[in-house]
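Quick note, the sequences are listed as chains C and R, same order.
Heads up: the first sequence is residues 1 to 166, going by the working numbering.
Heads up: the second sequence is residues 1001 to 1348, going by the working numbering.
Take a look at the structure below.
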Amino acid sequence: MIATTPETSLRLRVLTRLGFWGAVIGGLLLPWGIMLAVEVVVHQVPFARAWRSFTLHLFAPGYNFFLIGLLTAAPFVVLSVLILLHLGAAPVQDPLIARRRTLGLAGAGLGMLVLAGWTHLEVLLHPDAQGALAYLYLPVILLASMPIGYGLGRAIARILLPRPPA
Amino acid sequence: MTGNISSPTIMTPREIKLHLLGLVLFVGLLGLWYWLSTGARAVPTLIEMLQDDDPSTRIVAAEQLGQVGPAAQAAIPRLLAQATEDGNQHANTTAAAALKSIDLTAARQVMTHFMPRLQEQDAQQRRTACAVLGSLGPVAKPAVPALLAAGHDPDELVRRNALMALASIGIPSPPIVAALLEGLRDSSSLVRQTAVTQFAFTVPLTQPVVTAVTPLLNDPNRSIATLARSALDKARPDEATQLESLGLMVQHSAARDYALHQLAQLGPAAGDALLPVLPLLQDDRPLIRYLAAEAIGAMGVSAKQAVQPLRLRREDPDPVVREAVVEAIAGIEAAMAPAESSGKAARP
Chain C
1 MIATTPETSL
11 RLRVLTRLGF
21 WGAVIGGLLL
31 PWGIMLAVEV
41 VVHQVPFARA
51 WRSFTLHLFA
61 PGYNFFLIGL
71 LTAAPFVVLS
81 VLILLHLGAA
91 PVQDPLIARR
101 RTLGLAGAGL
111 GMLVLAGWTH
121 LEVLLHPDAQ
131 GALAYLYLPV
141 ILLASMPIGY
151 GLGRAIARIL
161 LPRPPA
Chain R
1001 MTGNISSPTI
1011 MTPREIKLHL
1021 LGLVLFVGLL
1031 GLWYWLSTGA
1041 RAVPTLIEML
1051 QDDDPSTRIV
1061 AAEQLGQVGP
1071 AAQAAIPRLL
1081 AQATEDGNQH
1091 ANTTAAAALK
1101 SIDLTAARQV
1111 MTHFMPRLQE
1121 QDAQQRRTAC
1131 AVLGSLGPVA
1141 KPAVPALLAA
1151 GHDPDELVRR
1161 NALMALASIG
1171 IPSPPIVAAL
1181 LEGLRDSSSL
1191 VRQTAVTQFA
1201 FTVPLTQPVV
1211 TAVTPLLNDP
1221 NRSIATLARS
1231 ALDKARPDEA
1241 TQLESLGLMV
1251 QHSAARDYAL
1261 HQLAQLGPAA
1271 GDALLPVLPL
1281 LQDDRPLIRY
1291 LAAEAIGAMG
1301 VSAKQAVQPL
1311 RLRREDPDPV
1321 VREAVVEAIA
1331 GIEAAMAPAE
1341 SSGKAARP
């Protein structure tokens, strides 16, 4: 076992906090950011107009961007709690455990981020009558993808961070 | 930052608890933001938005006020102005649609304003009048005769808008269905397409409609043929499952107005749905009470047990609902009279 230095312990604490709040805020802002980006980049709408239209439709019936943000953020909130309880509760004395958990959680977060980003882009770039259903299914899909991403991350961690021989 | 150097875990239990508390507070703040931005709390801001220079702002504000419903009474003067004076047709229609959910009398004022405009020289004025009357939905029932006449307008866009308005109003069903059937034979493919669209998505089907729509399956215009297929694939009013599902929808606030409107169009065929409709005569929203009275009135003889509850609603606070209640009682009693007289005649 490698003893943890105070710097390593501090870095892991900062990482846990960043991961926790990053997942919450990122999950909420991701769909809104994509909506604005599609307006500005794809539809060539000036940012000020895109922003105004976005804020107008935040609570508008039939649009409700606020609820879309919440729906996407919900699984990320679950991830953030997992980061706090799983990584935050990792033993300080064995940094390998914390690092492997970090990679597992990063795998889960990255997988969710890619899935959510791709879904939102697809809905906005190829709109159709049933497109909004994707927003309802997305939280379930993201939750289901979480253990898969975590497993992949842990598998990579096993390869990259082997336990040194005793 | 070095406070937990002696902790056996990366974060102390206290830190974890504080972060969870922070998360709960964050979620609470989001909830508070949502609460403040929706419902009656948002009405003052939305009224301000109705005065914005940008039409899209006025449109979104009107849509949100419509969602608020009767609690947005303070917005009626501004919405009336937007429905009748705004230069943007979409702003007119969204304001009119909002008024229908807020105050039926104000919605009828919009109707009264636009009905004479169906006779204007300027075709655009007639098109807008049709569109606004349609956005009022079943509340614009008294405008049906004028819209039936507009269905023969020389301008094809007026005819198209008139058919859309008639389908959106939906009641009384027989003349509206007849006008839509006539629209299926219009010289303009745009009007024909509009007529078949209404059968595909808005108006319930009857046997004469099925007979008239079936030949359109071979229409050279592919979109008309596809819409005809969609219409014919739709559930029929004589299918018990359709009535059952409408009866269930009536009990859920989200789809209540749609279900009541469909039942009102089905007429006597909707008689089996009377029981779930009856309590809605006492709903908080005038639009629901109005639609309930219309649906019951359209049921005819099969709604005879509703006459007493309807009589109790003759003093409804809303004059438009009162009028619908009186009409419904008269309609049911008129339908009962021949049934009773034929019953007497049959007795030896």
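C-beta atoms are modelled at their ideal positions from N, C-alpha and C, and glycine is treated no differently.
On a predicted model such as this, the values are computed, not experimentally measured, just so you know.
Exposed unless 16 or more other CB atoms sit within 10 angstroms - verdict on residue i
i, result
"His1152/R", "exposed"
"Arg1078/R", "buried"
"Leu125/C", "exposed"
"Pro1319/R", "exposed"
"Asn1161/R", "buried"
"Val140/C", "exposed"
"Leu1216/R", "buried"
"Pro95/C", "buried"
"Ala1254/R", "exposed"
"His57/C", "buried"
"Leu67/C", "exposed"
"Pro1220/R", "exposed"
"Ile159/C", "exposed"
"Gly82/C", "Before going on, a small fix: residue 82/C reads as Leu here, not Gly. When all chains shown are included, Leu82/C counts as buried."
"Asn1092/R", "buried"
"Gln1051/R", "exposed"
"Asp1103/R", "buried"
"Asp1122/R", "exposed"
"Tyr137/C", "exposed"
"Arg163/C", "exposed"
"Ala1228/R", "buried"
"Ala23/C", "buried"
"Asp1053/R", "exposed"
"Ser1135/R", "buried"
"Met1/C", "Unreliable placement is indicated for Met1/C, whose pLDDT of 49 sits below 50; the coordinate value is still reported in the next sentence. Per the 10 Å Cβ criterion, exposed."
Rounded C-alpha distance that separates residue i from residue j
i, j, result
"Phe1201/R", "His86/C", "51 Å"
"Val14/C", "Val1024/R", "20 Å"
"Met989/R", "Ile1047/R", "Any question about residue 989/R goes unanswered here, given that chain R covers just 1001 to 1348."
"Trp21/C", "Lys1017/R", "14 Å"
"His1113/R", "Ala1140/R", "12 Å"
"Arg1289/R", "Ile1076/R", "20 Å"
"Thr1226/R", "Glu1244/R", "28 Å"
"Arg17/C", "Leu79/C", "13 Å"
"Thr1105/R", "Ala37/C", "44 Å"
"Pro1055/R", "Glu1333/R", "48 Å"
"Thr1194/R", "Met1164/R", "7 Å"
"Gly1028/R", "Arg100/C", "33 Å"
"Asp1233/R", "Thr1241/R", "14 Å"
"Pro31/C", "Gly117/C", "7 Å"
"Val1283/R", "Ala1292/R", "The sequence shown places Asp at residue 1283/R, not Val. Taking the straight line joining both Cα atoms gives about 9 Å."
"Pro1276/R", "Ala1330/R", "21 Å"
"Val1060/R", "Ala1071/R", "17 Å"
"Ala106/C", "Leu28/C", "18 Å"
"Leu1148/R", "Ala1179/R", "7 Å"
"Glu7/C", "Val92/C", "11 Å"
"Ala157/C", "Thr102/C", "9 Å"
"Gln1198/R", "Ile25/C", "45 Å"
"Ala148/C", "Met1049/R", "First, the residue type needs correcting, since residue 148/C is Ile and not Ala in the sequence shown. Each residue's alpha carbon lies about 47 Å from the other."
"Leu1278/R", "Ala1062/R", "31 Å"
"Leu71/C", "Tyr135/C", "7 Å"
"Met1011/R", "Ala98/C", "11 Å"
"Asn64/C", "Thr1038/R", "11 Å"
"Val1210/R", "Val1203/R", "12 Å"
"Met35/C", "His120/C", "8 Å"
Residues that DSSP places opposite residue i in a beta bridge
i, result
"Thr1009/R", "Pro91/C"
DSSP three-state assignment for residue i, whether helix, strand or coil
i, result
"Leu1205/R", "coil"
"Arg1192/R", "helix"
"Val45/C", "coil"
"Asn1088/R", "coil"
"Lys1100/R", "helix"
"Thr5/C", "coil"
"Arg11/C", "helix"
"Leu58/C", "coil"
"Leu1217/R", "helix"
Cβ of residue i within 9 Å of any chain D Cβ
i, result
"Phe1026/R", "Among the protein chains of the structure shown, namely C and R, there is no chain D."
Residue i beta carbon near the ligand FAD (any heavy atom closer than 8 Å)
i, result
"Gly33/C", "Looking for the ligand FAD in the displayed structure turns up nothing, as the structure carries no ligands at all."
What are the uninterrupted segments assigned as alpha helix (DSSP H) that are 4 or more residues long and contained completely in the segment 1262-1335 of chain R, given in chain order? Counting whole runs of 4 or more residues, the segment 1262-1335 of chain R contains the alpha helix (DSSP H) stretches 1274-1277, 1286-1299, 1307-1312.
Go through the segment 60-124 of chain C residue by residue and report every complete run of the alpha helix (DSSP H) that reaches 4 residues or more, in order. Residue ranges of uninterrupted alpha helix (DSSP H) with 4 or more members, entirely inside the segment 60-124 of chain C and ordered along the chain, are 65-82.
List, from N- to C-terminal side, the alpha helix (DSSP H) runs of 4 residues or more that fit wholly inside the segment 1115-1188 of chain R. The segment 1115-1188 of chain R contains these whole alpha helix (DSSP H) runs: 1123-1135, 1144-1150, 1156-1169, 1173-1183.
Which whole runs of the alpha helix (DSSP H) in the segment 1007-1077 of chain R are 4 residues long or more, in chain order? The segment 1007-1077 of chain R contains, as complete alpha helix (DSSP H) runs of 4+ residues, the segments 1013-1037, 1043-1049, 1055-1068 (chain order).
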